[in-house]
Amino acid sequence: MHNSEIAEEFYRLAELLEIEGANSFRVRAYRNAARTIENLGEDVARMLARGADLTDLPGIGKDLAGKISKIVNTGHFELLEEVEHRLPASLVELSTIPGLGPKRIKCLHEELGINSPAQLAEAIAAGKLEELPGFGGRLIAKITQTLDRHKKDQRRVRLAAAESLGEDLLAFLKHAGAVRQAEIAGSYRRRRDTVGDLDIVVASDWPAEAMARFIAYPKVAEVVAEGPTRATVLLRSGLQADLRVVEPASYGAALLYFTGSKAHNIALRGMAAKRGLKLNEYGVFRKRRPLPGAATEAEIYSLFDLPYIEPELREDRGEIEAARARRLPKLVTLDDIRGDLHVHTEASDGRDTIAEIAAAAKARGYAYVAITDHTHHLTVANGLDPARLKRQLGEIDRLRESVHGIHILKSAEIDILDDGRLDLPDDVLKELDFAVCAIHSQFDLPRDKQTARILRAMENPYFTILAHPTGRLINARDAYDVDIEQILRAAKARGCYLEINAQPERLDLTDIHARLAKEMGVKVAISTDAHSTAGLDYMRYGVGQARRGWIEAKDVLNCRPWTDLKRLLARS
DNA sequence: GCCGTTTTCGGCCCGACTGTTTTCAGTCG
Numbered sequence: 002m003h004n005s006e007i008a009e010e011f012y013r014l015a016e017l018l019e020i021e022g023a024n025s026f027r028v029r030a031y032r033n034a035a036r037t038i039e040n041l042g043e044d045v046a047r048m049l050a051r052g053a054d055l056t057d058l059p060g061i062g063k064d065l066a067g068k069i070s071k072i073v074n075t076g077h078f079e080l081l082e083e084v085e086h087r088l089p090a091s092l093v094e095l096s097t098i099p100g101l102g103p104k105r106i107k108c109l110h111e112e113l114g115i116n117s118p119a120q121l122a123e124a125i126a127a128g129k130l131e132e133l134p135g136f137g138g139r140l141i142a143k144i145t146q147t148l149d150r151h152k153k154d155q156r157r158v159r160l161a162a163a164e165s166l167g168e169d170l171l172a173f174l175k176h177a178g179a180v181r182q183a184e185i186a187g188s189y190r191r192r193r194d195t196v197g198d199l200d201i202v203v204a205s206d207w208p209a210e211a212m213a214r215f216i217a218y219p220k221v222a223e224v225v226a227e228g229p230t231r232a233t234v235l236l237r238s239g240l241q242a243d244l245r246v247v248e249p250a251s252y253g254a255a256l257l258y259f260t261g262s263k264a265h266n267i268a269l270r271g272m273a274a275k276r277g278l279k280l281n282e283y284g285v286f287r288k289r290r291p292l293p294g295a296a297t298e299a300e301i302y303s304l305f306d307l308p309y310i311e312p313e314l315r316e317d318r319g320e321i322e323a324a325r326a327r328r329l330p331k332l333v334t335l336d337d338i339r340g341d342l343h344v345h346t347e348a349s350d351g352r353d354t355i356a357e358i359a360a361a362a363k364a365r366g367y368a369y370v371a372i373t374d375h376t377h378h379l380t381v382a383n384g385l386d387p388a389r390l391k392r393q394l395g396e397i398d399r400l401r402e403s404v405h406g407i408h409i410l411k412s413a414e415i416d417i418l419d420d421g422r423l424d425l426p427d428d429v430l431k432e433l434d435f436a437v438c439a440i441h442s443q444f445d446l447p448r449d450k451q452t453a454r455i456l457r458a459m460e461n462p463y464f465t466i467l468a469h470p471t472g473r474l475i476n477a478r479d480a481y482d483v484d485i486e487q488i489l490r491a492a493k494a495r496g497c498y499l500e501i502n503a504q505p506e507r508l509d510l511t512d513i514h515a516r517l518a519k520e521m522g523v524k525v526a527i528s529t530d531a532h533s534t535a536g537l538d539y540m541r542y543g544v545g546q547a548r549r550g551w552i553e554a555k556d557v558l559n560c561r562p563w564t565d566l567k568r569l570l571a572r573s
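Numbering (our numbering), first residue to last: 2 to 573.
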């Protein structure tokens with residue numbers, strides 16, 4: 002069983018225990034443990050195998066360590082099974098419906114025997130809910146609406162989609178005279194790969210006007226909640242947007258609060274409490290008196306003797322401890338990027354010519370760009386066979402004569418075949434500056450076979466970078482089952498690298514795997530996989546994901562000048 | 001159920017909004 006599955010079971014248990022009315026701190030303890038497990042880079046099973054002590058992990062004590070090792074060893078989670086014996090597991094689905102928390106779910110279950118969204122819909126249709134205490138007409142109407150909409154997708158949206166929706170709304174807000182400062186906080190600001198809703202923080206001396214402006218945004222489909230300082234709307238796209246208006250003096254505290262993550266905030270508030278202080282969205286307080294010098298996020302951190310912590314790090318994954326020890330990473334920025342190592346042209350499935358790509362890369366201030374068209378196994382992408390690739394290499398030679406100020410690198414995105422061989426013979430591979438290698442077929446191999454396939458490919462001395470290492474497409478296709486840790490170990494031993502693919506629907510390596518790569522000393526390439534000149538702009542998403550993985554410029558291949566890079570790409 | 005420079009017990013983040021209530025519980029972030 003893998004970390005995400007174990008975490009999932011702990012989350013389910015917490016949910017069910019909460020419905021049963023268990024001690025809320027015990028419930029929280031299970032949730033904290035779930036979060037710790039899903040944030041681990043290394044498989045917990047492997048940690049146990051090498052004799053690691055799980056109680057060293059935050060939020061995991063003797064009891065939970067025992068439970069986890071039993072789950073790993075037996076595949077069974079006894080406590081969860083016991084609870085699911087008492088309560089139907091499907092109750093967990095009800096908790097995803099807004100307005101239904103543990104208390105009301107318990108009431109539905111005990112009074113009406115409702116255990117699932119479908120049963121809930123039936124009971125509403127039969128008019129049974131109105132008899133229950135705490136279920137008024139408006140709540141029932143809201144639930145009905147959600148149940149109707151539930152069939153429609155209300156998943157988290159990809160960061161790029163949230164960006165176009167959010168920046169438009171933000172620009173609209175900033176046009177109002179009453180809005181002094183405004184920013185999109187939340188997971189958007191932390192650059193998570195997906196965003197559940199837009200959390201917007203506004204500083205204003207006239208909150209009512211700022212609020213009115215928000216509600217008046219033309220793309221608002223529905224006002225879900227509205228108070229004097231806080232409102233929630235549903236945009237026509239289906240994405241939810243929350244607005245919070247504060248006085249300018251509270252802007253830093255509000256931004257900190259609404260950027261989260263929740264876990265980061267809780268950790269900060271715990272620190273505040275230990276110093277006899279209180280931190281909330283309005284500022285830092287001793288007793289009821291606001292402390293001066295808490296107007297910005299940086300000032301608030303410094304009140305706790307911490308340096309500024311970048312939003313991408315605020316996940317309570319050790320950043321507070323690192324800040325305290327003055328060991329925060331100096332995160333890579335878009336400005337550090339000196340080139341793009343994965344770009345397609347019209348020769349395979351891209352849109353533009355090599356010359357156009359080179360000019361666009363140069364315009365972005367890059368020192369180099371690699372041409373990486375698909376190879377012939379990927380026929381759907383018009384992949385290049387050795388003869389066509391050789392012609393392309395000749396074209397690059399000619400362009401190198403005429404195009405100055407940027408190095409055009411010879412490469413290809415080479416298919417890793419089903420048996421782990423590469424899709425080009427060695428005598429062609431040796432003509433390339435380096436090789437980007439990737440899986441585009443047989444996604445559903447079992448974990449050991451898929452891993453062995455990639456390891457075999459890496460044995461080829463011309464293999465340089467593993468592109469989109471898990472093959473996931475966010476909201477469309479799951480990652481293939483592969484042991485990234487083992488691949489990283491092999492990459493370290495053989496001098497290979499892994500890619501952080503900047504396409505908004507890919508973004509793999511994920512943040513957690515990127516951090517694991519860094520910890521294991523494997524450098525990464527942040528590459529756009531662009532299929533047009535415009536696609537080069539996806540770099541910012543890749544950089545965001547890298548930053549979430551604690552990656553610094555020194556960890557990134559394409560932050561190096563070409564002479565350095567050349568040395569790193571050469572395998573002995 | 002976890003945790004500890006207020007340490008082995010007694011804490012555990014905190015405030016806004018809704019709806020149903022008639023002073024507040026439940027939910028949410």
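Where a beta carbon is used, it is the ideal one built from N, C-alpha and C, also for glycine.
Keep in mind it's a predicted model, so treat the numbers as computed, not measured.
Of the residues assessed, F259 falls on the buried side of the cut-off, its CB having 16 or more other CB atoms within 10 angstroms. Taking 8 angstroms as the upper bound for CB-CB distance, P208 and P229 are in contact here, some 6 angstroms apart. Under the rule that a run must span 4 or more residues, the alpha helix (DSSP H) segments found entirely inside the segment 474 to 536 read 485 to 495 and 512 to 521. Within 10 angstroms of the beta-carbon of A232 lie 16 or more other beta-carbons, which makes it buried.
8 angstroms or more divides the Cβ of G351 from the Cβ of A295. Per the coordinates, the alpha-carbon of R448 lies some 12 angstroms from the alpha-carbon of L456. Going by beta carbons, L430 and P470 fall outside the 8 angstroms limit. A458 is not a Cβ neighbour of L433, given a cutoff of 8 angstroms. Collapsing the DSSP output to three states places Q443 in coil.
Here the C-alpha atom of H405 lies approximately 12 angstroms from the C-alpha atom of A362.
Look at the beta carbons and you see the segment 53 to 71 not touching the segment 532 to 545: under three pairs across the two are nearer than 8 angstroms.
Distances from the CA of A226 to each of L235, E164 and A161 were compared; the closest alpha carbon is that of L235. Rounded to the nearest whole angstrom, the C-alpha separation of I466 and I488 is 12 angstroms.
At least 8 angstroms separates the beta-carbon of I358 from that of T529. Looking at the DSSP output, I409 shares a beta bridge with V370. Contact between V437 and E460 fails: their C-beta atoms lie close to 17 angstroms from each other, not under 8 angstroms. Ranked by how close their Cα comes to the Cα of I321, the residues L307, V333 and D198 have L307 in first place.
Around the beta carbon of T56, fewer than 16 other beta carbons sit within 10 angstroms, so the residue counts as exposed. Nearest to I216 by alpha-carbon distance, out of R237, G197 and V333, is R237. For the 8 angstroms CB-CB criterion, V483 and Q443 do not form a contact. Taking the C-beta atoms as reference points, R190 is found no nearer than 8 angstroms to P330. In the structure shown, N281 falls within a strand segment according to DSSP collapsed to helix, strand and coil. Looking at E402, L280 and P462, the one whose alpha-carbon comes closest to that of E300 is L280. Cβ neighbours of L474 within its own chain (closer than 8 angstroms, five residues either side excluded): E506 and R507. The bridge partners DSSP lists for H375 are E414.
For the 8 angstroms CB-CB criterion, V344 and T376 do not form a contact. Between the segment 332 to 346 and the segment 520 to 528, the count of Cβ pairs shorter than 8 angstroms is three or higher; the stretches touch. Excluding five sequence positions before and after S188, the CB atoms of its chain that fall closer than 6 angstroms to its own CB belong to V196, given in chain order. Assignment of G340 by DSSP, reduced to helix, strand and coil, places it in the strand class. When only Cα atoms are considered, Y31 and L558 end up about 39 angstroms apart. Under the three-state reduction of DSSP, L558 is assigned to helix. At the C-beta level, D317 and A268 come within 8 angstroms of one another. By alpha-carbon distance to L314, the top candidate from M272, I185, H86 and A547 is A547. Around the C-beta of V224, fewer than 16 other C-beta atoms lie within 10 Å, and the residue is accordingly described as exposed.
Shortest Cα-Cα distance from A119 to any of A264, I552, E94 and T297 involves E94.
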